[in-house]
């Protein structure tokens with residue numbers, strides 16, 4: 001794994017940890033969902049995407065944003081309602097739009113929209129795709145099935161990335177999902193790829209042909225078996241410590257990682273100090 | 001020309017004029033041409049942009065929002081407006097919100113067409129007028145088809161708003177002629193508001209959406225001939241946001257087919273009270289269907305839906321005391 005990728009994963013982790021700390025100190029309003037443990041997923045995916053591809057994110061989207069844009073300042077300002085916020089502080093943690101990146105806060109809602117964008121791309125910009133991140137819990141929503149059906153029928157360049165972290169808020173996957181995600185993809189005749197490791201180079205090499213297929217109009221589902229190390233939101237984790245899952249960081253523990261992590265932590269600390277000191281955001285265009 | 005033909009022609013013209021406009025809906029493609037035949041000929045003429053979809057109101061509306069986000073425009077046909085409930089999340093939480101929730105204004109050019117209304121014996125889930133459930137959503141404008149508003153102009157205005165719009169189409173209008181008002185009333189249309197009137201000062205003003213207009217006009221005619229009561233009918237094309245300058249009259253009625261409770265008329269009445277309280281002889285009178293599901297059997301449906309007879313009676317009783 002090259003430094004740039006590992007470093008980006010560590011920046012995401014530092015960002016999420018800092019955010020939970022700021023919440024703990026009462027410095028952030030509202031709520032948030034962190035992606036601790038899942039940082040490698042969007043970092044691996046961004047290596048396969050073009051800036052002209054569309055990315056649809058969800059409630060747990062900080063990693064998706066930071067993997068695409070090296071902009072922790074803008075994201076933290078958005079979450080804290082400070083000057084320089086990506087969306088003037090209106091959207092907050094889970095409603096962000098920048099260029100071809102967009103997140104929404106309702107489960108499953110983004111998939112039909114991503115299908116619509118893919119329909120546009122198919123006609124206007126062949127070769128581009130729409131990539132939508134969803135979770136295992138999202139499969140409870142009917143909109144997912146409607147969108148998968150349409151994508152398959154219309155051969156839309158839609159890539160669905162499932163972050164299966166084994167838990168939907170507090171409900172384990174075996175209590176909310178009958179059958180499998182692979183079975184669901186198969187039902188629509190869509191290719192499905194299961195990714196179990198966290199090595200971004202391996203992941204990219206493995207997914208590259210699938211992503212090329214999506215660009216050619218063969219929609220696909222990629223399922224990452226991953227682990228949410230932190231709470232669903234903040235301080236709401238009811239799992240015993242041993243049930244949380246493995247941390248990719250342990251596998252890559254090394255002096256190099258320590259060095260990159262120290263740099264990431266100090267960068268995010270500086271970002272937080274800067275953003276906290278900024279004036280409040282202003283919402284001008286309603 | 002009948003209203004359905006006017007609407008079909010408008011869709012043809014819009015699709016021809018804009019190469020980035022799509023039309024999606026269940027069974028809209030030829031040779032079927034939609035459950036009410038409104039999209040006839042479109043898929044033949046514009047293949048790839050007019051598409052029959054699976055029975056997936058949520059996905060169709062989401063796809064339209066995705067096209068709009070990409071700079072295209074889309075018209076969605078919901079086969080029966082009752083099914084728009086299945087698209088409510090996409091409309092309320094995504095399409096309408098996207099206009100403003102990302103901090104800067106995002107143009108969203110999309111129209112959701114909803115055939116509504118009863119009187120045809122389709123029963124409780126295929127006869128409703130659900131306009132009231134869409135009132136008051138930031139970034140969502142509501143329109144209603146009428147025999148007095150050219151559909152090309154209305155649809156063009158909706159797309160130009162750059163925010164999601166719903167067009168409610170009362171099914172009973174499809175076979176009615178455009179621009180027809182009974183003798184001796186005259187018709188004028190200004191700034192999207194149609195007015196059916198006599199030259200003398202009216203005893204009352206009746207506000208009604210397009211679908212209820214023919215019924216109100218029939219009641220106005222019998223009120224004139226039998227009771228010498230003079231009414232002016234006001235039919236806005238845009239129901240919400242409601243912004244209509246009312247003719248001066250001391251009595252105002254709002255007539256709509258919605259069942260009772262939380263109605264569009266209540267919203268209109270509130271605005272009229274705020275603007276014109278001083279000149280009114282009493283509060284605005286709401287006339288609508290009963291607080292009931294809409295039954296299938298003709299005699300039962302008739303007992304629930306607002307009718308010409310009800311409108312005649314309520315206006316007469318209110319004016320005569």
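Chains as they are written, first to last, in UniProt numbering: chain A, 1 to 286; chain B, 1 to 321.
Cβ atoms here follow ideal geometry from the backbone N, Cα and C, with glycine treated the same way.
Because the structure is a prediction, the values reported are computed rather than measured.
* **Expected contact under 8 angstroms - CB spacing of residue 207 of chain B and residue 172 of chain B to nearest Å** => Within the second chain, numbered from 1, the residue matching residue 207 of chain B stands at position 207. Within the second chain, numbered from 1, the residue matching residue 172 of chain B stands at position 172. Incorrect: roughly 19 angstroms between the Cβ atoms, too far for contact.
* Asked: Which full runs of the alpha helix (DSSP H) of 4+ residues lie inside the segment 96 to 136 of chain A, going along the chain?
  -> Along the length of the segment 96 to 136 of chain A, whole alpha helix (DSSP H) runs at least 4 residues long occupy 110 to 124, reported in chain order.
* Within 8 angstroms (strictly less), CB to CB, does residue 73 of chain B reach chain A? -> Along the second chain, one-based indexing puts residue 73 of chain B at 73. When Cβ-Cβ separations below 8 angstroms define contact, residue 73 of chain B makes no contact with chain A.
* **8 angstroms contact criterion, which residue 207 of chain A and residue 225 of chain A should meet: CB distance rounded** => Here the question's residue 207 of chain A lines up with position 207 in the first chain. Here the question's residue 225 of chain A lines up with position 225 in the first chain. Contact between residue 207 of chain A and residue 225 of chain A is ruled out by a C-beta separation of about 14 angstroms, above the 8 angstroms threshold.
* With a floor of 4 residues, list each alpha helix (DSSP H) that falls wholly inside the segment 264 to 289 of chain B, ordered by position along the chain. => Note on the segment 264 to 289 of chain B: whole alpha helix (DSSP H) runs with a minimum of 4 residues are 264 to 276, in chain order.
* Asked: Mind pulling the chain B residues with CB within less than 9 angstroms of residue 149 of chain A?
  -> Mapped onto the first chain, residue 149 of chain A falls at position 149. Neighbours of residue 149 of chain A in chain B, taken as residues at a C-beta separation under 9 angstroms, are given in chain order as 54, 56 and 59.
* Show which residues of chain B have a CB atom less than 8 angstroms away from the CB atom of residue 283 of chain A. => The count along the first chain starts at 1 and reaches residue 283 of chain A at position 283. Here the neighbours are 103.
* **residue 67 of chain B: contacting residues in chain A (beta-carbon distance under 8 angstroms)** => Within the second chain, numbered from 1, the residue matching residue 67 of chain B stands at position 67. For the C-beta of residue 67 of chain B, the chain A residues within less than 8 angstroms are, from N- to C-terminus, 116, 117, 119 and 120.
* Which residue from B:242, B:86, B:18 and B:37 puts its Cα closest to that of residue 72 of chain B? -> By one-based count along the second chain, residue 72 of chain B stands at place 72. Checking every option, the nearest Cα to that of residue 72 of chain B belongs to B:18.
* Round the Cβ separation of residue 185 of chain A and residue 192 of chain A to the nearest angstrom and send it over; I've been treating them as touching at under 8 angstroms. => Start at 1 with the first residue of the first chain, and residue 185 of chain A comes out as number 185. Start at 1 with the first residue of the first chain, and residue 192 of chain A comes out as number 192. About 4 angstroms; that satisfies the 8 angstroms criterion.
* Take the Cβ of residue 138 of chain B as the centre, count every other Cβ of all protein chains shown within 10 Å, and call the residue buried at 16 or more, exposed below. => In the second chain, the residue the question calls residue 138 of chain B occupies position 138. Exposed, since its Cβ has fewer than 16 Cβ neighbours within 10 Å.
* Asked: So residue 260 of chain B packs on residue 303 of chain B, CB below 8 angstroms; how close in whole Å?
  -> Against the second chain, residue 260 of chain B aligns to sequence position 260. Against the second chain, residue 303 of chain B aligns to sequence position 303. Under the criterion of beta carbons closer than 8 angstroms, residue 260 of chain B and residue 303 of chain B do not qualify as touching, at roughly 14 angstroms.
* Asked: For residue 96 of chain B versus residue 130 of chain B, is the C-beta distance shorter than 8 angstroms?
  -> Within the second chain, numbered from 1, the residue matching residue 96 of chain B stands at position 96. Within the second chain, numbered from 1, the residue matching residue 130 of chain B stands at position 130. No; because the gap between Cβ atoms is not below 8 angstroms, this pair is not in contact.
* To do: Go through its chain and collect everything with a Cβ distance to residue 14 of chain B's Cβ below 8 angstroms, but skip five positions before and after it.
  => Stepping through the second chain from its first residue, residue 14 of chain B is reached at position 14. Excluding residues up to 5 positions away in sequence, 21, 75, 152, 155, 156 and 159 lie with their Cβ nearer than 8 angstroms to the Cβ of residue 14 of chain B in the same chain.
* From the DSSP output, which residues share a beta bridge with residue 177 of chain B? -> For this step, residue 177 of chain B is matched to residue 177 along the second chain. Checking the DSSP bridge columns, you'll see residue 177 of chain B partnered with B:2.
* To do: Figure out for me which residue from A:216, A:36 and A:2 has the closest Cα to the Cα of residue 130 of chain A.
  => Position 130 of the first chain, counting from 1, holds the residue named residue 130 of chain A. Comparing C-alpha distances from residue 130 of chain A to each of A:216, A:36 and A:2 shows the shortest one belongs to A:216.
* Examine chain A for any beta-carbon lying closer than 8 angstroms to the beta-carbon of residue 243 of chain B, and answer yes or no. => For this step, residue 243 of chain B is matched to residue 243 along the second chain. No, residue 243 of chain B lies away from the interface with chain A (no Cβ there is under 8 angstroms from its Cβ).
* Asked: What's the C-alpha gap between residue 323 of chain B and residue 9 of chain B?
  -> Nothing about residue 323 of chain B can be reported from this structure: the residues present for chain B run from 1 to 321 only.
* **Simplified DSSP state of residue 218 of chain A, which is helix, strand or coil** => Within the first chain, residue 218 of chain A is the residue found at index 218, counting from 1. DSSP places residue 218 of chain A in coil when its eight states are reduced to three.
* Going by DSSP, name the residue or residues bridged to residue 25 of chain B. => For the purposes of this step, residue 25 of chain B is taken as the residue at position 25 of the second chain. Per DSSP, the beta-bridge partners of residue 25 of chain B are B:52 and B:77.
* Asked: Whole beta strand (DSSP E) runs in the segment 164 to 236 of chain A with 3 or more residues, listed along the chain?
  -> The qualifying runs are 192 to 195 and 220 to 225.
* To do: Please report how far the alpha carbon of residue 171 of chain A lies from the alpha carbon of residue 178 of chain A, in whole angstroms.
  => On the first chain, position 171 is the one that residue 171 of chain A refers to. On the first chain, position 178 is the one that residue 178 of chain A refers to. Going from the Cα of residue 171 of chain A to the Cα of residue 178 of chain A covers about 13 angstroms.
* Cβ pair count under 8 angstroms reaching 3, the segment 63 to 71 of chain A against the segment 246 to 266 of chain A -> They do not touch, by the three-pair rule.
* **C-beta neighbour in chain A for residue 63 of chain B, strict 8 angstroms** => As a position in the second chain, residue 63 of chain B is number 63, starting the count at 1. Residue-level contact check: residue 63 of chain B touches chain A, since one or more beta carbons of chain A fall below 8 angstroms from its beta carbon.
* **Whole-angstrom C-beta distance between residue 64 of chain B and residue 43 of chain B, which should lie under 8 angstroms** => Taking the second chain and counting its residues from 1, the one referred to as residue 43 of chain B is at position 43. Taking the second chain and counting its residues from 1, the one referred to as residue 64 of chain B is at position 64. Contact flag wrong, Cβ pair sits at about 16 angstroms.
* Asked: Ordered along the chain, which non-local residues of its own chain (more than five positions away) have a Cβ less than 8 angstroms from that of residue 48 of chain A?
  -> For the purposes of this step, residue 48 of chain A is taken as the residue at position 48 of the first chain. So the list reads 204, 207, 208 and 211, once near-sequence residues are dropped.
* To do: Using three-state DSSP, classify residue 296 of chain B as helix, strand or coil.
  => In the second chain, counting from the first residue as 1, residue 296 of chain B sits at position 296. Three-state result, residue 296 of chain B: coil.
* **Whole-angstrom C-beta distance between residue 318 of chain B and residue 285 of chain B, which should lie under 8 angstroms** => On the second chain, position 285 is the one that residue 285 of chain B refers to. On the second chain, position 318 is the one that residue 318 of chain B refers to. Residue 285 of chain B to residue 318 of chain B, Cβ: 5 angstroms. Contact.
* To do: Taking a Cβ distance cut-off of 9 angstroms, strictly less, list which residues of the segment 34 to 49 of chain A are near chain B, in chain order.
  => Under the 9 angstroms Cβ criterion, the segment 34 to 49 of chain A contributes no residue.
* Give a yes or no on contact between the segment 72 to 86 of chain A and the segment 150 to 160 of chain A, applying the rule of three or more CB pairs nearer than 8 angstroms. => Contact between the segment 72 to 86 of chain A and the segment 150 to 160 of chain A is absent: fewer than three C-beta pairs spanning the two stretches fall below 8 angstroms.
* **Inter-residue CB distance, residue 39 of chain A and residue 13 of chain A (contact presumed, cutoff 8 angstroms)** => Reading the first chain from its first residue, position 39 is the one you call residue 39 of chain A. Reading the first chain from its first residue, position 13 is the one you call residue 13 of chain A. Residue 39 of chain A to residue 13 of chain A, Cβ: 5 angstroms. Contact.
* Asked: If we call anything under 8 angstroms between Cβ atoms a contact, is residue 223 of chain B one with residue 312 of chain B?
  -> Walking along the second chain from the start, residue 223 of chain B turns up at place 223. Walking along the second chain from the start, residue 312 of chain B turns up at place 312. The Cβ-Cβ distance between residue 223 of chain B and residue 312 of chain B falls below 8 angstroms.
* Close Cβ partners of residue 117 of chain A (< 7 angstroms) along its chain, the five nearest in sequence each way excluded -> Looking up residue 117 of chain A in the first chain gives position 117. For residue 117 of chain A, where only same-chain residues beyond five positions count, the Cβ hits under 7 angstroms are 54 and 130.
* residue 183 of chain A beta carbon less than 8 angstroms from that of residue 173 of chain A -> Position 173 of the first chain, counting from 1, holds the residue named residue 173 of chain A. Position 183 of the first chain, counting from 1, holds the residue named residue 183 of chain A. 8 angstroms or more divides the Cβ of residue 173 of chain A from the Cβ of residue 183 of chain A.
* To do: Measure the alpha-carbon distance for residue 87 of chain B versus residue 78 of chain B and round it to whole angstroms.
  => Numbered from its first residue, the second chain carries residue 87 of chain B at position 87. Numbered from its first residue, the second chain carries residue 78 of chain B at position 78. Looking at the two C-alpha atoms, the distance is approximately 9 angstroms.
* What first and last residue would you give for the alpha helix (DSSP H) that runs through residue 15 of chain A? -> Walking along the first chain from the start, residue 15 of chain A turns up at place 15. Where residue 15 of chain A is concerned, the enclosing alpha helix (DSSP H) starts and stops at 3 to 24.
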